[in-house]
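Colleague: Residue numbers (the working numbering): 168 to 471. Beta carbons are placed, not taken as given, at the ideal position from N, Cα and C, and that holds for glycine.
1. Any heavy atom of the ligand MN closer than 7 Å to the Cβ of residue 315?
2. In angstroms, rounded to a whole number, what distance separates the CA positions of residue 444 and residue 403?
3. In the DSSP output, what is residue 295 paired with across the bridge?
4. To the nearest whole angstrom, what separates the beta carbons of residue 250 and residue 223, a pair I think is in contact under 8 Å?
5. Could you give the DSSP three-state label for residue 359: helix, strand or coil?
6. Quick check on the burial criterion: 16 or more other C-beta atoms within 10 angstroms. Buried or exposed for residue 399?
7. By the DSSP assignment, the alpha helix (DSSP H) with residue 324 in it spans what residues?
8. Taking the alpha carbon of residue 283 as the point to measure from, which residue in 313, 309, 233 and 244 has its own alpha carbon closest?
9. Report yes if the C-beta distance between residue 466 and residue 432 is below 8 Å; otherwise report no.
10. Near residue 219, what residues of its chain come up, given a Cβ to Cβ distance below 6 Å and the 5 sequence neighbours on each side ignored?
11. Assign residue 315 to one of two classes, buried (16 or more other C-beta atoms within 10 Å of its C-beta) or exposed (fewer than that).
12. When the distance is taken between beta carbons, is residue 337 closer than 8 Å to residue 289?
13. Are residue 440 and residue 455 touching if we call contact CB-CB under 8 Å?
14. Within the same chain, show all residues whose beta-carbon is closer than 8 Å to that of residue 460, passing over the 5 residues directly before and after it, in chain order.
15. Using DSSP's beta-bridge definition, name the partner residues of residue 338.
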């Protein structure tokens with residue numbers, strides 16, 4: 168979290184937390200840190216972690232913590248995987264500038280990917296919906312033929328002894344040319360990913376401290392209302408919430424900041440979404456995603 172420790176404040180009234188107060192600066196390669204995170208999450212009602220899975224045509228990145236979770240069986244805490252199936256870029260915002268590692272999307276790559284994650288899918292801690300391991304794809308439109316890929320993955324998992332899988336895609340950067348219904352892509356559900364799709368620009372009454380600032384300020388309260396009031400679609404949708412967003416640590420003078428993010432507003436957003444989910448979903452599909460547990464460089468963290 169070293170880059171987080173250098174995050175400046177752009178305007179008066181900004182809430183800029185840059186390091187964990189409960190865990191301090193930590194190293195996820197240490198098993199005791201992962202145990203502490205699981206303990207905290209369980210204590211405050213988080214039922215599982217969703218790990219980004221950085222896999223590029225056979226090359227893995229940031230994989231050591233998850234590898235050790237799988238090998239050691241600890242912590243005893245549920246988890247699932249989201250394939251971050253985009254190019255690895257310097258900007259982390261969905262743009263294709265400054266590509267560091269290109270993603271590959273051949274049929275062979277997709278077959279190798281599902282083969283790679285089978286051990287995780289068969290782990291007893293893995294999140295299941297109706298008994299099916301939940302496999303999430305970050306950008307489904309990056310798959311050249313998503314229905315073909317979905318069929319390939321389902322067939323492979325059946326033959327490998329995993330059984331049926333539950334496929335979900337993330338509503339992130341992409342415009343969906345065929346529409347949002349996951350069944351059009353061979354998937355079972357979609358997942359909201361705040362702040363994407365429904366952000367509201369802020370009208371700032373406080374002066375900027377930094378005259379060099381060229382970023383974008385959004386209104387957290389109005390953005391949360393957009394997500395809360397969104398018409399519930401006919402397809403299966405898992406709602407999402409976010410506690411805050413301020414990526415000044417990563418983007419400096421070009422950061423995106425959601426102004427007015429407070430614990431009270433986050434609580435209101437979460438309560439509304441939980442109530443909607445209880446009313447409209449049943450059983451294992453009563454799922455709410457929180458973005459995120461520890462995206463410290465984005466100022467987007469539930470972890471205290």
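Modeller: Judging by the given coordinates:
1. Summarising the ligand content, the structure contains no ligands, and the ligand MN is consequently not present.
2. Taking the chain shown and counting its residues from 1, the one referred to as residue 444 is at position 277. Taking the chain shown and counting its residues from 1, the one referred to as residue 403 is at position 236. Distance between the alpha carbons of residue 444 and residue 403 is about 11 Å.
3. For the purposes of this step, residue 295 is taken as the residue at position 128 of the chain shown. Per DSSP, 300.
4. Counting from one through the chain shown, the residue named residue 250 turns up at place 83. Counting from one through the chain shown, the residue named residue 223 turns up at place 56. Wrong, their Cβ atoms sit about 10 Å apart, outside the cutoff.
5. For the purposes of this step, residue 359 is taken as residue 192 along the chain shown, with counting starting at 1. Strand.
6. On the chain shown, position 232 is the one that residue 399 refers to. Exposed, by the Cβ-count rule.
7. For this step, residue 324 is matched to residue 157 along the chain shown. Where residue 324 is concerned, the enclosing alpha helix (DSSP H) stretches over 313-326.
8. Stepping through the chain shown from its first residue, residue 283 is reached at position 116. Measuring from the Cα of residue 283, the nearest candidate turns out to be 233.
9. Residue 466 sits at position 299 when you count from the first residue of the chain shown. Residue 432 sits at position 265 when you count from the first residue of the chain shown. Contact flag unset, no.
10. Position 52 of the chain shown holds residue 219. The residues are 249 and 251.
11. Along the chain shown, read from residue 1 onward, the residue named residue 315 stands at position 148. Flag for residue 315 reads exposed.
12. Residue numbering aside, residue 289 sits at position 122 when the chain shown is read from its first letter. Residue numbering aside, residue 337 sits at position 170 when the chain shown is read from its first letter. Result no, Cβ atoms of residue 289 and residue 337 do not sit closer than 8 Å.
13. Counting from one through the chain shown, the residue named residue 440 turns up at place 273. Counting from one through the chain shown, the residue named residue 455 turns up at place 288. Their beta carbons are under 8 Å apart, which means residue 440 touches residue 455 by this criterion.
14. Stepping through the chain shown from its first residue, residue 460 is reached at position 293. Within the same chain, residue 460 has close Cβ partners 204, 208, 213, 216, 468, 469 and 470.
15. For the purposes of this step, residue 338 is taken as residue 171 along the chain shown, with counting starting at 1. DSSP lists 359 as partners of residue 338.
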